[in-house]
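Colleague:
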Amino acid sequence: MTVFLVIIVLALLAVTGWQMSKIFQLSKGPGAESAEIANDNDNRQQAKLMLWFMIFLYVGMAYSFWHWSKLYLPQAASEHGNEVDTLMFISIGLIMVVQVITQALLHWFAYKYQGKKGNRALFFADNDKLEFIWTIIPVITLAGLIIYGLFTWSDIMNISEDDDPIVIEIYAKQFSWQARYAGEDNTLGEANVRFIEGVNTVGLNVNDTYADDDKITTELHLPVGKQVLFKFRSQDVLHSAYFPHFRAQMNVVPGMVTQFAFTPDVTTAEMRDSEYMVDKVKTINEIRKENSKALMAEGEAPLDSYEFDYFLLCNKICGDAHYNMQMKIVVESEEEYNQWLSEQDEFATVMESQE
Ligand SMILES: [Cu+2]
Numbered sequence: 359m360t361v362f363l364v365i366i367v368l369a370l371l372a373v374t375g376w377q378m379s380k381i382f383q384l385s386k387g388p389g390a391e392s393a394e395i396a397n398d399n400d401n402r403q404q405a406k407l408m409l410w411f412m413i414f415l416y417v418g419m420a421y422s423f424w425h426w427s428k429l430y431l432p433q434a435a436s437e438h439g440n441e442v443d444t445l446m447f448i449s450i451g452l453i454m455v456v457q458v459i460t461q462a463l464l465h466w467f468a469y470k471y472q473g474k475k476g477n478r479a480l481f482f483a484d485n486d487k488l489e490f491i492w493t494i495i496p497v498i499t500l501a502g503l504i505i506y507g508l509f510t511w512s513d514i515m516n517i518s519e520d521d522d523p524i525v526i527e528i529y530a531k532q533f534s535w536q537a538r539y540a541g542e543d544n545t546l547g548e549a550n551v552r553f554i555e556g557v558n559t560v561g562l563n564v565n566d567t568y569a570d571d572d573k574i575t576t577e578l579h580l581p582v583g584k585q586v587l588f589k590f591r592s593q594d595v596l597h598s599a600y601f602p603h604f605r606a607q608m609n610v611v612p613g614m615v616t617q618f619a620f621t622p623d624v625t626t627a628e629m630r631d632s633e634y635m636v637d638k639v640k641t642i643n644e645i646r647k648e649n650s651k652a653l654m655a656e657g658e659a660p661l662d663s664y665e666f667d668y669f670l671l672c673n674k675i676c677g678d679a680h681y682n683m684q685m686k687i688v689v690e691s692e693e694e695y696n697q698w699l700s701e702q703d704e705f706a707t708v709m710e711s712q713e
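With the first letter of the sequence shown counted as 1, position 87 gets the number 445 in the working numbering; the numbers rise by one all the way through.
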């Protein structure tokens, strides 16, 4: 707080000094060469700065691409994820091309047509043809992008019942995730926060027979190549289910069910073997090894070595332990998935064990 106050006082002092220097300037009276009016020298300097600024922008852009591109997400692990990535790539590509050209024109013209004593600007009222061109090109481009985006969106969001998706509920609360599998009947039992009691942590209606074979887990297992319909429910506040590797995100809203479907098409094992992930995991483990040395020197336990897993994150700042909202996702073959699911307890069994 003290530091903050000191900064404010210093800033106010600087402003006072600047204002006083302006008053002194003005009190000198109107001279032949007033500092307020730009002369040819000033204009030349500003024009050069324009060119330098253009170079700064391009170098900064190239550096950012080079330096940060290692933080890109790996290949998409869902069918629609590739469509989303293509849409993103085309949008960024277009913006980049337009941006590079217009920045160059803007800065070059500012340099070329710098102010010179005696030069007068040309009076130019309008040009219908020019205005038509610079209106119609962005209109066509934007319309194309939006229509392409809409088609991609409807492909992703329109879930056909004919595809017989696996139904899984994702349940959010401060500060954890749970998954509920619909069981043999592939129908989720009725649920409401009012039913929450004891081991019935996600509030299933014990009188609804559909709920009996539901399975509640703290890990999300998905079979590769099968469409999964997620139904999201929140117990308390607004959360957001974010599946970065599958390019999917959906708000989780208390009092309503939101939904989203995707088909995972890369298993956890395949992703671990990908060149990108092998490199990334190696880098992370090198950093961990370095940090472990420091920890061990202080007599603390070393860090575990890292292994890649898909995860579900919360993407809404939903409270003080928001960062804890992470659930492991395992994409595996259908046999492995069925095996894992058969080992999970049914809701009816869990309820019996309570009594
Ligand atoms: Cu949250």
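Here a beta-carbon is modelled for each residue, glycine too, at the ideal position from N, C-alpha and C.
Taking DSSP as the reference, what is the three-state secondary structure of F601?
Modeller: Strand, per DSSP.
Colleague: At which residues does the alpha helix (DSSP H) containing H438 begin and terminate?
Modeller: Segment 437-470, the alpha helix (DSSP H) holding H438.
Colleague: Looking at N614 and ligand 1, is the gap between the Cβ and the nearest heavy atom below 6 Å?
Modeller: The displayed chain sequence assigns Met, not Asn, to residue 614. Not under cutoff, so the answer is no.
Colleague: Quick one, are the C-beta atoms of Q532 and D594 less than 7 Å apart?
Modeller: Yes, Cβ-Cβ distance for Q532 and D594 is below 7 Å.
Colleague: Would a C-beta distance cut-off of 7 Å place R605 and G439 closer than the cut-off?
Modeller: The answer is yes: Cβ separation under 7 Å.
Colleague: On the criterion of 16 or more Cβ atoms from any shown chain inside 10 Å, does A599 qualify as buried, or is it exposed?
Modeller: Classification for A599: buried.
Colleague: Would you check whether ligand 1 has a heavy atom nearer than 6 Å to the C-beta of N685?
Modeller: Contrary to the premise, residue 685 reads as Met rather than Asn in this sequence. No; taking the cut-off as 6 Å, the Cβ of M685 has no heavy atom of ligand 1 nearer than that.
Colleague: Between C672 and H579, is the Cβ-Cβ spacing less than 7 Å?
Modeller: Result no, Cβ atoms of C672 and H579 do not sit closer than 7 Å.
Colleague: If you count every other CB in all the chains shown that lies within 10 Å of the CB of I528, and 16 or more means buried, which is it?
Modeller: Looking at its Cβ environment, which holds 16 or more other Cβ atoms inside 10 Å, I528 is buried.
Colleague: With C-beta atoms as the reference, is F588 less than 7 Å away from F618?
Modeller: Result yes, Cβ atoms of F588 and F618 sit closer than 7 Å.
Colleague: For a test of the three-state rule: what should DSSP assign to N550, helix, strand or coil?
Modeller: If DSSP states are grouped into helix, strand and coil, N550 belongs with coil.
Colleague: Run through the DSSP bridge pairs and tell me what T576 is partnered with.
Modeller: DSSP, once it has assigned bridges, lists no residue as partnering T576.
Colleague: Based on the DSSP output, what are the partners of L587 in its beta bridges?
Modeller: Partner(s): V525, A619.
Colleague: When the Cα atoms are used, what is the spatial distance from D667 to M454?
Modeller: Looking at the two C-alpha atoms, the distance is approximately 33 Å.
Colleague: Are the stretch 556-571 and the stretch 702-713 touching by the rule of at least three beta carbon pairs closer than 8 Å?
Modeller: Counting Cβ pairs under 8 Å, three or more are found: they touch.
Colleague: If distances are taken between C-alpha atoms only, which option among Y539, T510, D513, N544 comes closest to D522?
Modeller: For D522, the nearest C-alpha among the options comes from N544.
Colleague: Using DSSP with H/G/I as helix, E/B as strand and the rest coil, what is A659?
Modeller: The answer is coil: DSSP assigns A659 none of H, G, I, E or B.
Colleague: Determine the burial state of D572: buried for a count of at least 16 other Cβ atoms within 10 Å of its Cβ, exposed for fewer.
Modeller: Buried: at least 16 other Cβ atoms inside 10 Å.
Colleague: Could you check where the alpha helix (DSSP H) with S534 kicks off and where it finishes?
Modeller: Premise fails: S534 lies in the beta strand (DSSP E), 534-539, not in any alpha helix (DSSP H).
Colleague: Alpha carbon to alpha carbon, what distance is there between E548 and A569?
Modeller: A569 and E548: Cα-Cα distance of roughly 7 Å.
Colleague: Which whole runs of the alpha helix (DSSP H) in the stretch 484-523 are 4 residues long or more, in chain order?
Modeller: Runs of the alpha helix (DSSP H) inside the stretch 484-523: 486-515.
Colleague: Measuring only from the beta carbon, is H603 closer than 6 Å to any heavy atom that is part of ligand 3?
Modeller: Only ligand 1 can be found as ligands here, which leaves ligand 3 out of the picture.
Colleague: F669 bridges to which residues according to DSSP?
Modeller: Per DSSP, K686.
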